[in-house]
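Enquirer: Before I ask anything, let me first share the structure, which is written out below as structure tokens.
In UniProt numbering, the protein residues as written are 1 to 200.
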């Protein structure tokens, strides 16, 4: 059974999400502040749902602190609706960003989509090193080097590079990249793709 960690200080909302996810067959861990969430993340959940506005330490900092040790999808859940906040959340290692209020059905759909993608990654063929002239991509180590120098990429930025590298000569639209990388179609903003590519 896949485990989902919810980190949010709104206890009533957490219980609603927890009940919904458990009904869909998931094991759910809950933390009502960032520090407890960091501690529970050591249990290596399969996915994390993370609020941004919390009293002790905000979700951005929680993500920053746990991302080096946690490779699972992180979905930000927040009332902060600005484009700047969304870009920041994705840039520091978030995989998705949902604004409150939201549909529980949409949340569950996104959770399922991210977990499906993680399963596909684990089942991927054992192709580890890709070489393109001065570009070296280590699919196992999740590293990219250009002319021998390491390139710092977020998880999603690496996945975009990986997609393009494994499909040389193929042209993808933003919609196609969004669907392949984020794992679902029509539920998000394809400008997310542009922002990730612009970062590099």
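Think of the CB as a built atom: it goes at the ideal place given N, C-alpha and C, for glycine as much as any other residue.
1. Report yes or no: do three or more beta-carbon pairs, one from the region 104 to 120 and one from the region 41 to 54, lie closer than 8 Å?
2. Tell me the rounded alpha-carbon separation between residue 145 and residue 92.
3. Does the distance from the C-beta atom of residue 65 to that of residue 38 stay below 7 Å?
4. Hey, how far is the Cα of residue 125 from the Cα of residue 16?
5. Measure the alpha-carbon distance for residue 183 versus residue 158 and round it to whole angstroms.
6. Per the DSSP calculation, residue 78 is bridged to which residue(s)?
7. Evaluate residue 41 with the Cβ neighbour count: other Cβ atoms within 10 Å of its Cβ, from every protein chain shown; 16 or more gives buried, anything less gives exposed.
8. Less than 7 Å between the C-beta atoms of residue 142 and residue 165, yes or no?
9. Using C-beta distances below 8 Å, list every residue in its chain close to residue 108, excluding the 5 sequence neighbours before and after it, in chain order.
10. For residue 70 versus residue 59, is the C-beta distance shorter than 7 Å?
11. Nearest to residue 2 by CA position, among 101, 73, 178 and 175, is which residue?
12. Taking only three categories from DSSP, how would you classify residue 27?
13. Compare the beta carbon distance of residue 139 and residue 128 with 7 Å and say whether it is the shorter of the two.
14. Within 10 angstroms of its Cβ, does residue 171 collect 16 or more other Cβ (buried), or is it exposed?
15. With a CB to CB cut of under 7 Å and the five nearest residues on each side skipped, what residues in its chain are close to residue 62?
16. Ends of the beta strand (DSSP E) at residue 130?
Expert: Put simply:
1. yes
2. 20 Å
3. yes
4. At residue 125 the pLDDT is 49, less than 50, meaning the model places this residue with poor confidence and gives no usable figure here.
5. 15 Å
6. 99
7. buried
8. no
9. 20, 21 and 24
10. no
11. 73
12. strand
13. yes
14. exposed
15. 7, 34, 37, 38 and 50
16. 129 to 132
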